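A.B. asks: Got a structure for you, written out below as structure tokens; questions coming shortly.
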Amino acid sequence: MSYIDLVNRFWTIDSEFSFSHLEVHLYFKLLEINNRLGWKEKFSVSNGRLCALIGTTQKNLIKARQRLIDKEVIGYKKGTTREAGVYYFPYHMKKETNLESNVKKESNLESNLESNLGSNPGNNLGNINKTRLDKDKDIIYIPAPAIEKVILLWNQFQISKIPDNREKTENSILDALRRHGEENLLRAIRNYAEIVGGREYILSTRWQLSTFMESHVEKFLDEESAKAMYRMKGGPDGRSEKDSRDSWKERFKNPAGTHTDERDLEELLIKSETGS
10 MSYIDLVNRF WTIDSEFSFS HLEVHLYFKL LEINNRLGWK EKFSVSNGRL CALIGTTQKN
70 LIKARQRLID KEVIGYKKGT TREAGVYYFP YHMKKETNLE SNVKKESNLE SNLESNLGSN
130 PGNNLGNINK TRLDKDKDII YIPAPAIEKV ILLWNQFQIS KIPDNREKTE NSILDALRRH
190 GEENLLRAIR NYAEIVGGRE YILSTRWQLS TFMESHVEKF LDEESAKAMY RMKGGPDGRS
250 EKDSRDSWKE RFKNPAGTHT DERDLEELLI KSETGS
């Protein structure tokens, strides 16, 4: 059972029971901790440490943990005064009983990691921990923060709705993380959110997250370049320029029975504005 399988199962259960923000945060923090430990079947972490990591009180932690236990997304054995409690992922243990032995084969992991991520020394994954690979099943194990930070930031800006089936979205994020790294992706999303939501910019297209990851990240890596590309010539007010943009699009509509994507129109408009 891969990280993505665990996440997909979590969101499937969430669609029925609607976990709170704290419950979501706790679940993905436990995934992150277990990833750092090398994907153990069981691992220990104290209440005090978890409270500090997710910014909550012990009372709220216990309440959130119990709901995750009740919905069978985590398992927990209470600790003692000297030993921290023990956590595990029931579904993970049932499906992947041989995972721990696989991830400890460091020499195989290194070669598998290189073949999956490429041997380019400049390939930076930012703050992503080493990806784990189940050699027998070719399953890539992705640390929780990398993908979830991207999704949470996208949702925070309310750019576009992420489909319920998140497999395509997560795979596109993974590929973009390999190419650009976590920090660059988060910066690109912030820049895009500012531009697509700003009245002084001509861009109004709100792409799906997967489309943004696959085709548009590069445009928004540098804030000044992105703003210069999409800034209206009419200044911050931009009303006359906005009107001219709409009329320009109207003139370039395709004949009946054909179709041009909104993205194509935006790109043509930018070329006409910049003279390129």
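Read in my numbering, the sequence shown has 231 at position 222, and its numbers run on one by one without any break.
Each residue gets a CB set at the ideal place from its N, CA and C atoms; glycine is no exception.
Remember, it's a predicted structure, so these values are computed and weren't measured experimentally.
Can you name the residues that DSSP bridges to S53?
C.D. replies: The residue labelled residue 53 in the question sits at position 44 within the sequence shown. According to DSSP, S53 bridges with V95.
A.B. asks: When we look at the beta-carbon of T178 and count the other beta-carbons within 10 Å, is it buried (16 or more) or exposed?
C.D. replies: Here residue 178 refers to the residue found at position 169 of the sequence shown. Buried is the call here.
A.B. asks: Count the other CB atoms, across all protein chains shown, that sit within 10 Å of the CB of N43; report buried if there are 16 or more and exposed otherwise.
C.D. replies: For this step, residue 43 is matched to residue 34 along the sequence shown. N43 should be labelled buried.
A.B. asks: Sorted by chain position, which residues of the same chain lie with C-beta nearer than 6 Å to G84's C-beta, five sequence neighbours on each side aside?
C.D. replies: Locating residue 84 in the sequence shown gives position 75, where the first residue counts as 1. So the qualifying residues of the chain are Y97 and P99.
A.B. asks: Please classify K86: does DSSP put it in a helix, a strand, or coil?
C.D. replies: Translated into positions along the sequence shown, residue 86 becomes position 77. In the structure shown, K86 sits in a strand (DSSP, three-state: E or B).
A.B. asks: Three or more C-beta pairs under 8 Å: does that hold for the stretch 189 to 208 against the stretch 219 to 238?
C.D. replies: With a cut-off of 8 Å, the stretch 219 to 238 and the stretch 189 to 208 count as touching, because enough Cβ pairs lie within range.
A.B. asks: Buried or exposed, going by whether 16 or more other CB atoms sit within 10 Å of the CB of E32?
C.D. replies: On the sequence shown, residue 32 is found 23 positions in, with the first residue counted as 1. Buried, since its Cβ has 16 or more Cβ neighbours within 10 Å.
A.B. asks: State the CB to CB distance for the pair L186 and A155, rounded to an integer number of angstroms; the pair is presumed to be in contact (CB under 8 Å).
C.D. replies: Working through the sequence shown from its first residue, we reach residue 186 at position 177. Working through the sequence shown from its first residue, we reach residue 155 at position 146. Correct: roughly 6 Å between the Cβ atoms.
A.B. asks: Look at the Cβ atom of L35, then the Cβ atom of A73, and state whether they are nearer than 8 Å.
C.D. replies: The residue given as residue 35 occupies position 26 in the sequence shown. The residue given as residue 73 occupies position 64 in the sequence shown. Yes; because the gap between Cβ atoms is below 8 Å, this pair is in contact.
A.B. asks: Within 10 angstroms of its Cβ, does L46 collect 16 or more other Cβ (buried), or is it exposed?
C.D. replies: On the sequence shown, residue 46 is found 37 positions in, with the first residue counted as 1. So L46 ends up on the exposed side.
A.B. asks: Could you give the uninterrupted runs of the alpha helix (DSSP H) lying entirely in the stretch 172 to 221, keeping only those of 4 residues or more?
C.D. replies: The stretch 172 to 221 contains these whole alpha helix (DSSP H) runs: 176 to 189 and 191 to 205.
A.B. asks: When the Cα atoms are used, what is the spatial distance from Q75 to E81?
C.D. replies: Here residue 75 corresponds to residue number 66 of the sequence shown, with the count starting at 1. Here residue 81 corresponds to residue number 72 of the sequence shown, with the count starting at 1. Each residue's Cα considered, the two are about 10 Å apart.
A.B. asks: Under 8 Å, Cβ to Cβ, is there at least one residue of chain B near A235?
C.D. replies: Reference to chain B is not applicable here, since this structure consists of a single protein chain.
A.B. asks: According to DSSP, R240 sits in a beta bridge with which residue or residues?
C.D. replies: Within the sequence shown, the letter at position 231 stands for residue 240. Its beta-bridge partners are Y210.
A.B. asks: Return the chain-ordered list of same chain residues with a C-beta closer than 8 Å to the C-beta of R240, the five sequence neighbours on each side being excluded.
C.D. replies: Looking up residue 240 in the sequence shown gives position 231. Excluding sequence neighbours, R240 sits near E209, Y210 and I211.
A.B. asks: Count the other C-beta atoms from every protein chain shown that fall within 10 angstroms of the C-beta of S24, then say buried if there are 16 or more, exposed otherwise.
C.D. replies: In the sequence shown, counting from the first residue as 1, residue 24 sits at position 15. Classification of S24: exposed, given that the 10 Å Cβ count is below 16.
A.B. asks: Given a threshold of 16 other Cβ atoms within 10 Å of its Cβ, counted over all protein chains shown, does I182 qualify as buried or as exposed?
C.D. replies: Reading the sequence shown from its first residue, position 173 is the one you call residue 182. Buried, since its Cβ has 16 or more Cβ neighbours within 10 Å.
A.B. asks: Would you decide whether I71 is buried or exposed? Buried here means 16 or more other CB atoms lie within 10 Å of its CB.
C.D. replies: Within the sequence shown, numbered from 1, the residue matching residue 71 stands at position 62. Exposed is the call here.
A.B. asks: Go ahead and pull the three-state DSSP assignment for Q167.
C.D. replies: For the purposes of this step, residue 167 is taken as residue 158 along the sequence shown, with counting starting at 1. Three-state result, Q167: coil.
A.B. asks: How long is the line joining the alpha carbons of G64 and K242, rounded to whole angstroms?
C.D. replies: By 1-based counting over the sequence shown, the position of residue 64 is 55. By 1-based counting over the sequence shown, the position of residue 242 is 233. Going by the C-alpha atoms only, they are around 45 Å apart.
A.B. asks: What's the C-alpha gap between H30 and M238?
C.D. replies: By one-based count along the sequence shown, residue 30 stands at place 21. By one-based count along the sequence shown, residue 238 stands at place 229. Roughly 36 Å separates the two Cα atoms.
A.B. asks: Give me the Cα-Cα distance between P130 and E157, rounded to the nearest whole angstrom.
C.D. replies: Within the sequence shown, numbered from 1, the residue matching residue 130 stands at position 121. Within the sequence shown, numbered from 1, the residue matching residue 157 stands at position 148. At P130 the pLDDT is 44, less than 50, meaning the model places this residue with poor confidence; the figure from the coordinates comes in the next sentence. Approximately 25 Å between the Cα atoms of the pair.
A.B. asks: Given that a residue counts as buried once 16 or more other Cβ atoms are within 10 Å of its Cβ, and exposed if not, what is T269?
C.D. replies: By 1-based counting over the sequence shown, the position of residue 269 is 260. Summary for T269: the model assigns pLDDT 47, below 50, so the residue's position carries little reliability; its value from the coordinates is reported in the next sentence. Its Cβ having fewer than 16 others within 10 Å, T269 is exposed.
A.B. asks: Quick check on the DSSP output: the alpha helix (DSSP H) that includes L15 runs from which residue to which?
C.D. replies: Taking the sequence shown and counting its residues from 1, one reaches residue 15 at position 6. Run containing L15: Y12 to F26, per the alpha helix (DSSP H) assignment.
A.B. asks: For H225, I'd like the list of residues in its chain whose CB is within less than 7 Å of its CB, leaving aside the five on either flank, ordered along the chain.
C.D. replies: The count along the sequence shown starts at 1 and reaches residue 225 at position 216. Once the five neighbours on either side are set aside, the close Cβ partners of H225 are W216.
A.B. asks: Using only the alpha-carbon positions, how far apart do V95 and V54 sit?
C.D. replies: Counting from 1 along the sequence shown, the entry for residue 95 is found at position 86. Counting from 1 along the sequence shown, the entry for residue 54 is found at position 45. Their backbone Cα atoms lie some 7 Å apart in a straight line.
A.B. asks: Which residue comes first and which comes last in the alpha helix (DSSP H) that contains N30?
C.D. replies: In the sequence shown, the residue the question calls residue 30 occupies position 21. Strictly speaking, residue 30 in this sequence is His, with Asn absent from that position. Run containing H30: H30 to R45, per the alpha helix (DSSP H) assignment.
A.B. asks: Expressed to the nearest angstrom, what Euclidean distance is found between the alpha-carbon atoms of Q67 and N56?
C.D. replies: The residue labelled residue 67 in the question sits at position 58 within the sequence shown. The residue labelled residue 56 in the question sits at position 47 within the sequence shown. Distance between the alpha carbons of Q67 and N56: 7 Å.
A.B. asks: Using the three-state DSSP reduction, which class does P152 fall into: helix, strand or coil?
C.D. replies: Along the sequence shown, one-based indexing puts residue 152 at 143. Legend: pLDDT at P152 = 49, less than 50; position of this residue unreliable, value from coordinates given subsequently. In the structure shown, P152 sits in coil (DSSP, three-state: anything other than H, G, I, E or B).
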